[in-house]
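Worksheet for the structure shown next.
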Amino acid sequence: MKFTISWLREHLDYDATLDELTDRLTSIGLEVEEVTDRAKELAAFRVAHVIEAIQHPDADRLRVCKVDTGSEVVQVVCGAPNARTGMKGVFAPSGSYVPGTDLWLKPTKIRGVESNGMLVSEREMGLSDDHDGIIEMEDGAEIGASFASLSGLDDPVIEIAITPNHQDALGVYGIARDLAASGFGTLRPLDTSPVAGKFKSPIGVNLNFENVDPLPCSKFVGRYIRGVKNGPSPKWLQDKLRSIGLRPISALVDMTNYMTFDLGRPLHVFDADKIDGNIQARLSVAGETLLALDGEEYKLDAETCVIADDKSAVGLGGVMGGELSGCSEETVNVFIEAALFDPVRIATTGRKLGIESDARYRFERGVDPDFVEPAMEIATRLVLYLCGGEPSDVVIAGEGPKWQKSVSLRKSRVKALGGVDVPVADMVAILDRLGFAPRETGDAIETEVPSWRMDVDGEADLVEEILRIYGYDNIQPVPLPMENVVAKPAVNAKQRRVRIAKRALAGRGMMEAVSWSFLPRTHADLFGGVPDEIVLVNPISADLDAMRPSLLPNLIAAAGRNMSRGFADISLFEVGSEYHSDQVEGQVTVAGGIRTGLTSPRHWAGNGRKFDAFDAKADALALLDAVGGPADSVQIVTGAPDWYHPGRSGVMQLGPKNRLAAFGELHPRVLDAMKVKGTIVGFEVYLDNVPLPKATSTARPPLTVSDYQAVERDFAFEVDADTAADTIIRAAKGSDKRLIKDVSIFDIYQGGRMAEGRKSVAFSIRLQPTDRTLTEEEIDAVAAKVIGSVEKATGGSLRS
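The number in the numbering used here is simply the position in the sequence shown, starting from 1, with 1 added.
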């Protein structure tokens, strides 16, 4: 919510500095996010007089201007079509910053002619998108005068953050009312006295809803005004709208925007001559269309509240008006709408159609239900003042919601909930200033909730109101007790694993991605699919309609976007949830990652190799080891999910039923379906399946270093071609777990002299004694165990 100091002063009489104002706003819960002083930003821009404008000797569209800036005469080359002798414009000298183009000006030559400074347009000033010509000032404007002062831009703009419980602060008047309640100035009263109607409205209104609860529109107030003259709004109104970032359009439209931001009361004005018959609020018909004011045509379902005439819909109730019934310069008769809409239906309609509007923002948070008729009287006066005309009697349909409610506050609850001992007299005074009409009844204070604070439901809300006005600074700091001050760990072992997994993968050179928890269902079907219960009924986007069954599709899509932008070598990971049902056990925590491209950049000494399934396997094993999993004892078998390449993938498991991870090259079919080119390898580690360490201590184990020489021996076995390397490694390791510290395969040979269906696997074992140097006989004994164990496990034989 934005407003200017002068705008606030129209409703609040106060004597304080800007800093005091911003401090008070923040202290009462209206946090100041930014203060913008355009006068400082535009200090260099001055009114200038174009003494002479002649044609550039070498350019048809450029003019050479002599410009009187008030302090000197300078030469400026200008390309604006309206640059001419005798006009007054806005001049930016050399050395100044132009906010609209993000440029610093300096003396230059344009087509051989010197130019010092610039005559600027509204777009170059950052005021609007208008770039058809330079700004033209009135003939009476003083040369050298500050443009910011003449244009009303020397008024600081304050932007505050609005929390959901402060819908009353979505208008300048509501902010002023809150400040006055806190003792900061005096609130000026609004003139809501009735404007006498001169005739009966030729357009009637009614609510046309059957068996709908709550009513999409519970009250509709309308008024016909004839003989108006629409045109540009006066300067004071245009300046107000521009100061908060709105573009002035016409007096009638600007009036509705002014009411929205001044009083938090959205309105709409129809061109009455474009209305066919009477106006009604009703639900749309499935398939009905509406061309809205944003130029988009929307196809409606049967659940949207629309404002319609006797022929068709003319507006989306509480969201946006229709283009065909909008006001223009030819408008002479208007019909003003002030209505109350159901917040939930407004929010649903806005999300469904993807429309963000100032009206929707306020209606879905709740507007003052008791301010409909007063707002109509204020709007009527504004239209008569801006455009003239003659008003009709007011027409009303519906009674609006029953908003009146009482809340009781026990006096002791302020101290119990807020920690501040507020005197009862102060409680009553604060609630009275806030409009709650308090009255003491023994140990309680009875209140009547004002219409502009529909968020207040219980005594905790009243405690908050008292504390924010009394001052959060009055809450005294309380020291912690000296005993038992060390809290228990806030995260458990499973939660720590998420952090550990992220650090481990980042340490392996991968970049973390944080993707949506949902994805297109077509992508989900490529990764096992999802049941109907986790398909989203109201997705934030039409192509994000299912919860993700795997982390990989979103990572693959991210890699595809990066590759299309020229980034070929990509390593991404994500640690998050996968979803397989709508039950608690259907949500599992997984660490997934993908790699594509080369393992290292191109180099004169040789290019890096492409990532393959073994890189994904190494990532998965390293991650299991980092999170305390049994990386050394997992079984690596085939049978990866069908989104992996069947011959270049594997599964890590503990026994046949506990899968810890899957890894390998992604199936080309999956990549083609997702329109991603190249080869991608990936892995998924199911963190929930990894057994937790039995030891509860977080201390590091002792470092064991042997003083005795390690011994390495090489072996080569001839085995069947389909024998898994993991079978050989496990057999070799298991032959002597005390001495054998490592087994690594360094050669696989097929073809040539090897028989068909056979292969040679060569591996090295490392023996590490801890208490003595091994003798040759002891080494030979271990080698014999290795040979026997491998032959038994594989049916192979030692090559001579």
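Just so you know, even glycine gets a beta-carbon here, dropped at the ideal spot from N, CA and C. Please read these numbers as outputs of a predicted model, since none were measured by experiment.
Asked: Rounded to a whole number of angstroms, what is the C-alpha to C-alpha distance between residue 149 and residue 548?; Found: 52 Å
Asked: Could you spell out the range, first to last residue, of the beta strand (DSSP E) harbouring residue 258?; Found: Here residue 258 belongs to no beta strand (DSSP E); instead the alpha helix (DSSP H) covers 252 to 264.
Asked: Between which two residues does the alpha helix (DSSP H) containing residue 765 stretch?; Found: It is not in any alpha helix (DSSP H) - residue 765 instead sits in the beta strand (DSSP E) that spans 759 to 768.
Asked: Per DSSP, what kind of secondary structure is residue 314 in: helix, strand or coil?; Found: strand
Asked: Residue 859 and residue 470: beta carbons closer than 8 Å?; Found: The shown model of the chain, from 2 to 801, leaves out residue 859, and the question about it has no answer.
Asked: Please go through the region 62 to 102 and give each complete beta strand (DSSP E) segment of 3 or more residues, from N-terminal end onward.; Found: 64 to 69, 74 to 79, 89 to 93
Asked: Which same chain residues, not among the five before or five after residue 292, have their C-beta less than 7 Å away from its C-beta?; Found: 298, 323, 324, 325
Asked: With a threshold of 7 Å on Cβ separation, who are the neighbours of residue 101 within its own chain once the five nearest residues in sequence on each side are excluded?; Found: 124, 125, 126, 127
Asked: Rounding to the nearest angstrom, what Cα-Cα distance links residue 568 and residue 762 in this structure?; Found: 38 Å
Asked: Based on DSSP bridge pairs, tell me the residues matched to residue 105.; Found: 98
Asked: Run the CB neighbour count on residue 386, radius 10 Å, all protein chains shown included, and call it buried at 16 or more, exposed below.; Found: exposed
Asked: According to DSSP, is residue 442 part of a helix, a strand, or is it coil?; Found: strand
Asked: Rounded to the nearest angstrom, what separates residue 155 and residue 362 at their Cα positions?; Found: 29 Å
Asked: Taking its Cβ as the centre, do 16 or more other Cβ atoms sit within 10 Å of residue 221, making it buried, or is it exposed?; Found: buried
Asked: Report whether the distance from the Cβ of residue 239 to the nearest heavy atom of the ligand HEM is below 7 Å.; Found: Looking for the ligand HEM in the displayed structure turns up nothing, as the structure carries no ligands at all.
Asked: So, with DSSP's three-state summary, where would you put residue 328?; Found: coil
Asked: At which residues does the beta strand (DSSP E) containing residue 647 begin and terminate?; Found: 645 to 655
Asked: Just how far apart, CA to CA, sit residue 12 and residue 191?; Found: 8 Å
Asked: What is the rounded straight-line gap between the Cα of residue 447 and the Cα of residue 460?; Found: 10 Å
Asked: Among all the DSSP beta bridges, which residues are the ones paired with residue 111?; Found: 114
Asked: Please go through the region 698 to 749 and give each complete alpha helix (DSSP H) segment of 4 or more residues, from N-terminal end onward.; Found: 726 to 735
Asked: Taking Cβ to Cβ, would you say residue 783 is nearer than 8 Å to residue 721?; Found: no
Asked: Classify residue 211: buried if its beta carbon has 16 or more other beta carbons within 10 angstroms, exposed otherwise.; Found: exposed
Asked: Can you give me the start and stop residues for the beta strand (DSSP E) that residue 225 sits inside?; Found: 218 to 227
Asked: What does the alpha-carbon distance come out to for the pair residue 95 and residue 541?; Found: 48 Å
Asked: When the Cα atoms are used, what is the spatial distance from residue 49 to residue 58?; Found: 24 Å
Asked: Return helix, strand or coil for residue 419, following the three-state DSSP convention.; Found: helix
Asked: So what does DSSP say about residue 616, is it helix, strand or coil?; Found: helix
Asked: Would you mind working out which of 161, 151, 203, 370 sits nearest residue 240, comparing C-alpha positions?; Found: 151
Asked: So what's residue 381 in DSSP terms, helix, strand or just coil?; Found: helix
Asked: In the DSSP output, what is residue 339 paired with across the bridge?; Found: 222
Asked: At which residue ranges does the region 345 to 393 contain complete alpha helix (DSSP H) runs of 4 or more residues, listed in the order of the chain?; Found: 359 to 364, 373 to 388
Asked: Going by beta carbon distance, what residues of the same chain come within less than 6 Å of residue 686, once the five residues before and after it are set aside?; Found: 592, 621, 624, 662
Asked: Nearest by alpha-carbon distance to residue 20: which of 157, 99, 73 is it?; Found: 157
Asked: Please go through the same chain and pick out, in chain order, the residues whose beta-carbon is closer than 8 Å to the beta-carbon of residue 544, but skip the five residues on each side of it.; Found: 521
Asked: Kindly indicate which residue of 585, 677, 56 has the alpha-carbon position closest to the one of residue 555.; Found: 677
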